[in-house]
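Working notes, beginning with the structure itself.
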Amino acid sequence: MTKFFEIDFIEVGNSASGDAISLRYQDDDGTEWIHVVDGGYSDDGDKLTKNIKANYDDPGFIDHVVLTHPDGDHASGLKKVLDEFDVGALWMNRPWQHVDELLPLFDYEYTRNELIQRLRRDFPYTADLEKIAIEKGIGIHDAFQGSQIGEFTVLAPSKRRYIDLIVDSEKTPEPERSSAIEGNIFERAIRAVRNMVVEWGEENLKGDTEGTSAENETSIVQFSELCGKKILLTGDVGVDGLEEAYQYAISMGVNLPGIDRFDVPHHGSRRNVSPEILDKWLGPKLNSKPENGNFTAIISANRNDKSHPRKAVVRALIH
838 MTKFFEIDFI EVGNSASGDA ISLRYQDDDG TEWIHVVDGG YSDDGDKLTK
888 NIKANYDDPG FIDHVVLTHP DGDHASGLKK VLDEFDVGAL WMNRPWQHVD
938 ELLPLFDYEY TRNELIQRLR RDFPYTADLE KIAIEKGIGI HDAFQGSQIG
988 EFTVLAPSKR RYIDLIVDSE KTPEPERSSA IEGNIFERAI RAVRNMVVEW
1038 GEENLKGDTE GTSAENETSI VQFSELCGKK ILLTGDVGVD GLEEAYQYAI
1088 SMGVNLPGID RFDVPHHGSR RNVSPEILDK WLGPKLNSKP ENGNFTAIIS
1138 ANRNDKSHPR KAVVRALIH
């Protein structure tokens, strides 16, 4: 049980959006924990570290740093965090750590070392953070389904799904068209023919029909209940990842629907959510707009970003 928690979402970028989140919470023993999730662009690392120093009593140590997925608008600013603080653990998934499972899934006959080098080149932000962490002696940990990061549990991705997504990524070599990859294509085809549900406010969401990138779907989804509030941090995950996370949360005994603090994925993109998945996490659509409530949705979108958040997503959250 926690005595208090605070979550800060830092506005990142100049006109494009990104994610940089810091958390502090205290357990029953009076121990305080600091937990950073993503760091925005390179210049945003300064904003993030200054916020932590100013509002978290100028700590010299951060317990957990999490990179949700390997995009620059989430990863680049974490270099500053690793440089500026002593860090207990860096949580991120590195494709080259799973080379033996990936090797037979690609068409081209790579040697093991060739594929490792190719993956490091294809995911440079992850490789850069790994280099800093090794130089500073920071432990690096996988963050797959079931991992415990402080008070937070990783709900998605599972390791098996992560491997499939790396193979499916546009960044990686041409895959061997195995049944697993064909299965992913078939699932996307099914989503493409689904009809959208429209009620009192139109929910023109595209998570079921268009979906998001494989890289976004690798996002580490974290859940915790702090001070009786259920918190979901999503990165840039899409509908498939939210469904995987939901099923795992149910298996853990989490009482859903009902999230109190919802980090809306991918800066409010309509390609990352659907009416069905929002119903599962947040509850069924309402007949009319509510007067007020205790639910809070946070969208990490720069005020000058003309593409995010999408109005359809904002409407769906109000429903």
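Just so we're aligned: the sequence shown equals residues 838 to 1156 in the numbering used here. For glycine and all other residues, C-beta sits at the position ideal for the given N, C-alpha and C. Small disclaimer: the values here were computed from a predicted structure and weren't measured.
Let's test the definition: count the other Cβ atoms within 10 Å of the Cβ of residue i and tell me whether it reaches 16, buried, or not, exposed.
i: Trp1037; result: Only weak support is given to the placement of Trp1037: the predicted model assigns it a pLDDT of 36, under 50, and the question is left unresolved by the model.
i: Ile975; result: buried
i: Ala1149; result: buried
i: Pro1069; result: Inspection of the sequence shows that residue 1069 is occupied by Leu rather than by Pro. Counting Cβ neighbours within 10 Å, Leu1069 comes out buried, since at least 16 surround it.
i: Phe898; result: exposed
i: Met1089; result: exposed
i: Gln1059; result: buried
i: Ser1125; result: exposed
i: Pro961; result: exposed
i: Arg949; result: exposed
i: Asn1109; result: buried
Straight-line CA distance for residue i to residue j?
i: Val918; j: Arg997; result: 30 Å
i: Ile847; j: Thr868; result: 24 Å
i: Leu1119; j: Pro1112; result: 10 Å
i: Val991; j: Glu951; result: 31 Å
i: Thr1009; j: Leu940; result: 12 Å
i: His901; j: Arg1098; result: 20 Å
i: Ala1134; j: Ile986; result: 22 Å
i: Lys796; j: Leu904; result: Past the boundaries of the shown model lies residue 796; the chain is included only from 838 to 1156, so the question cannot be answered.
i: Glu843; j: Asp866; result: 17 Å
i: Gly983; j: Lys1066; result: 20 Å
i: Val1091; j: Leu1154; result: 21 Å
i: Trp928; j: Phe1132; result: 28 Å
i: Leu956; j: Ala970; result: 18 Å
For the putative contact between residue i and residue j, defined by C-beta atoms under 8 Å, what is the C-beta separation to the nearest angstrom?
i: Asp1191; j: His911; result: One cannot answer for residue 1191 here, as it falls past the ends of the chain, which runs 838 to 1156.
i: Ala891; j: Asn1139; result: Actually they do not touch by this definition, with Cβ atoms about 21 Å apart.
i: Asp875; j: Ile858; result: 6 Å
i: Gly882; j: Gly914; result: 4 Å
i: Lys1117; j: Tyr1083; result: 5 Å
Bridge partners of residue i, per DSSP?
i: Trp928; result: Val903 and His978
i: Ser1061; result: Ile1068
i: Arg1140; result: Per DSSP, none; premise fails for Arg1140.
i: Ile1135; result: Asp1100
Could you check which residue in the options has the C-alpha nearest to that of residue i?
i: Asp1077; options: Gly882, Phe1099, Gln954 and Ser1050; result: Ser1050
i: Gly1095; options: Gln985, Gln954 and Gly1130; result: Gly1130
i: Leu1115; options: Glu946, Ser1137, Thr1071 and Asn1141; result: Thr1071
i: Gly1179; options: Arg1152, His1104 and Leu1123; result: Past the edges of the chain, shown from 838 to 1156, lies residue 1179, and the structure says nothing about it.
i: Leu885; options: Trp870, Asp865 and Lys916; result: Lys916
i: Asp959; options: Pro1012, Pro907 and Val1091; result: Pro907
i: Pro932; options: Thr948, Phe922, Thr963 and Glu921; result: Thr963
i: Ala895; options: Arg861, Gln982, Asp865 and Pro1012; result: First, the residue type needs correcting, since residue 895 is Asp and not Ala in the sequence shown. For the residues Arg861, Gln982, Asp865 and Pro1012, the minimum Cα distance to Asp895 belongs to Arg861.
i: Asn1053; options: Asp1073, Asp1001, Ile977 and Glu1047; result: Asp1073
i: Asp920; options: Thr1055, Lys840, Ser1061 and Glu967; result: Glu967
i: Pro994; options: Phe981, Asp1001, Ser1006 and Asp1005; result: Phe981
For chain D, find out if any of its Cβ atoms is closer than 8 Å to the Cβ of residue i; answer yes or no.
i: Asn1131; result: Looking at the structure shown, chain D is missing, and only one protein chain is on hand.
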